[in-house]
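These notes concern the structure reproduced below.
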Amino acid sequence: MITSKTSFIALLGNPVTHSLSPIIQNAALKYLGLDLIYIAIPCEDKDLRLVTNSLKKINCKGLNITIPHKQKIFDLCSEVSPIAKKLKAINTLKLNSNNEWSATNTDVDGFIYPLKNLNFTKKESIILGSGGAARSVIEGLLKFNFSKIRIISRNKNSLNKIINDFPTQNEIEGFSYDEDQVNDFIAKADLIVNTTPVGMRTTLNEEKLMPYGEIFWQSLNSNTIVYDLIYNPSPTALLKFCKKKGCMTIDGTQMLIAQGAKSISFWTNGLEVPFEIMHDALRKHL
Numbered sequence: 005m006i007t008s009k010t011s012f013i014a015l016l017g018n019p020v021t022h023s024l025s026p027i028i029q030n031a032a033l034k035y036l037g038l039d040l041i042y043i044a045i046p047c048e049d050k051d052l053r054l055v056t057n058s059l060k061k062i063n064c065k066g067l068n069i070t071i072p073h074k075q076k077i078f079d080l081c082s083e084v085s086p087i088a089k090k091l092k093a094i095n096t097l098k099l100n101s102n103n104e105w106s107a108t109n110t111d112v113d114g115f116i117y118p119l120k121n122l123n124f125t126k127k128e129s130i131i132l133g134s135g136g137a138a139r140s141v142i143e144g145l146l147k148f149n150f151s152k153i154r155i156i157s158r159n160k161n162s163l164n165k166i167i168n169d170f171p172t173q174n175e176i177e178g179f180s181y182d183e184d185q186v187n188d189f190i191a192k193a194d195l196i197v198n199t200t201p202v203g204m205r206t207t208l209n210e211e212k213l214m215p216y217g218e219i220f221w222q223s224l225n226s227n228t229i230v231y232d233l234i235y236n237p238s239p240t241a242l243l244k245f246c247k248k249k250g251c252m253t254i255d256g257t258q259m260l261i262a263q264g265a266k267s268i269s270f271w272t273n274g275l276e277v278p279f280e281i282m283h284d285a286l287r288k289h290l
């Protein structure tokens with residue numbers, strides 16, 4: 005029950021109307037018996053400083069940060085965790101004892117959750133896209149001892165930058181999506197991860213699209229695991245295509261829940277929520 009004493013945690017981004025985070029986070033907060041609610045607040049770039057500074061002055065206990073603010077929020081934080089600095093992206097904030105924002109990133113923990121019982125030692129992986137989400141995926145994949153991590157992107161500038169940001173990792177390579185050898189990479193990949201927004205539910209047409217077009221995927225083999233970070237819609241057009249090919253597929257709901265659980269732990273100084281509590285809330289909603 006919401007009372008005059010109820011505090012809140014907010015998701016800041018633009019857009020946020022598609023987000024399922026309020027569903028899973030409110031289920032977790034209820035399970036923990038905390039007098040907190042979780043809401044989504046649309047916030048444009050020009051308003052980010054005003055909004056985050058204002059939230060410090062009212063009953064806000066924490067924030068999740070999503071596109072397009074994960075890099076821009078750095079300047080508004082007084083403390084940033086090592087993992088967030090390495091990834092150059094922040095997705096979770098809480099107020100410290102000085103009433104200033106302390107920041108971290110829970111995306112890596114979320115990403116590896118559905119993969120942690122699989123063996124990828126000396127196998128090959130592909131990451132589609134070279135934006136902020138790709139950085140978390142690279143950091144996660146490095147924990148699995150892949151022999152090769154290939155990043156495929158349309159944006160050569162961001163591709164070069166992401167390669168330069170992991171200079172000691174010899175197993176990481178970057179390629180443009182239209183290079184001839186990409187078909188061979190797709191054919192022999194053990195894991196492919198889509199970090200692009202292509203296929204996200206924003207319009208009816210966009211959610212039917214596949215990253216780089218359907219022809220790009222023609223060499224895909226049935227032994228490949230395909231992991232799409234998009235969770236709305238679920239499954240995406242990409243995962244429907246890959247499942248018909250016989251591939252094991254993973255959608256973004258498990259990452260969403262696992263990173264959300266890590267955020268809760270950060271906000272509450274270590275409290276944990278069973279994965280099933282948040283998963284059941286999401287399943288009932290969908």
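Here the working numbering is used: the first residue of the sequence shown is 5, the next is one more, and so on.
Glycine is no exception: its CB is placed at the ideal position from the N, C-alpha and C atoms.
Supposed close pair residue i, residue j - CB separation, criterion 8 Å
i: Ile196; j: Leu119; result: With a Cβ gap of about 12 Å, Ile196 and Leu119 do not count as contacting.
i: Ala31; j: Ala285; result: 3 Å
i: Met252; j: Ile229; result: 5 Å
i: Ser151; j: Lys126; result: 5 Å
i: Ile167; j: Ile176; result: 6 Å
i: Cys81; j: Ser106; result: 7 Å
i: Glu211; j: Pro239; result: About 10 Å; that fails the 8 Å criterion.
i: Asn63; j: Ser101; result: That belief does not hold up - the Cβ atoms of Asn63 and Ser101 are roughly 17 Å apart, past 8 Å.
i: Leu16; j: Ile87; result: Actually they are not in contact, since the Cβ atoms of Leu16 and Ile87 sit about 20 Å apart, beyond 8 Å.
i: Ser226; j: Lys244; result: Not really, about 15 Å apart at Cβ, beyond 8 Å.
Rounded separation between residue i and residue j - CA only
i: Pro26; j: Ala44; result: 7 Å
i: Ala262; j: Ser269; result: 11 Å
i: Asn161; j: Arg287; result: 39 Å
i: Phe78; j: Ile71; result: 14 Å
i: Pro171; j: Arg53; result: 33 Å
i: Asn103; j: Gly274; result: 19 Å
i: Arg83; j: Thr108; result: Here residue 83 turns out to be Glu, not Arg, going by the sequence shown. Going from the Cα of Glu83 to the Cα of Thr108 covers about 9 Å.
i: Ala265; j: Asp188; result: 38 Å
i: Gln29; j: Tyr42; result: 6 Å
i: Gly217; j: Ala138; result: 19 Å
i: Glu276; j: Ser223; result: 42 Å
i: Phe115; j: Tyr231; result: 10 Å
i: Leu213; j: Val202; result: 6 Å
i: Glu143; j: Arg205; result: 27 Å
N-terminal and C-terminal residue of the beta strand (DSSP E) that residue i is part of
i: Lys127; result: First-last for Lys127: undefined, no H or E at that position.
i: Gly66; result: 64-69
i: Lys152; result: 152-157
i: Trp3; result: Missing from the structure shown is residue 3; the chain here goes from 5 to 290 and no further.
i: Asp232; result: 229-232
i: Ala44; result: 40-46
i: Val310; result: Limits of the chain in this structure are 5 at one end and 290 at the other, which puts residue 310 out of reach.
i: Ile196; result: 195-198
i: Ile176; result: 176-180
i: Lys98; result: 96-99
Unbroken alpha helix (DSSP H) run spanning residue i, endpoints
i: Lys160; result: 160-168
i: Lys89; result: 86-91
i: Lys192; result: 186-192
i: Thr56; result: 52-59
i: Leu145; result: 136-145
Distance cut-off 7 Å: residue i Cβ against heavy atoms of the ligand PLP
i: Leu146; result: This structure lacks the ligand PLP; in fact it carries no ligand of any kind.
Contact under 8 Å by Cβ, residue i with residue j
i: Ile130; j: Ile156; result: yes
i: Lys98; j: Lys65; result: yes
i: Asp194; j: Phe148; result: no
i: Thr2; j: Leu233; result: Not covered by the structure: residue 2. The range shown for the chain is 5 to 290.
i: Leu24; j: Leu33; result: no
* Ignoring anything shorter than 4 residues or poking outside the stretch 213-287, list the alpha helix (DSSP H) runs there in chain order. => 241-248, 257-271
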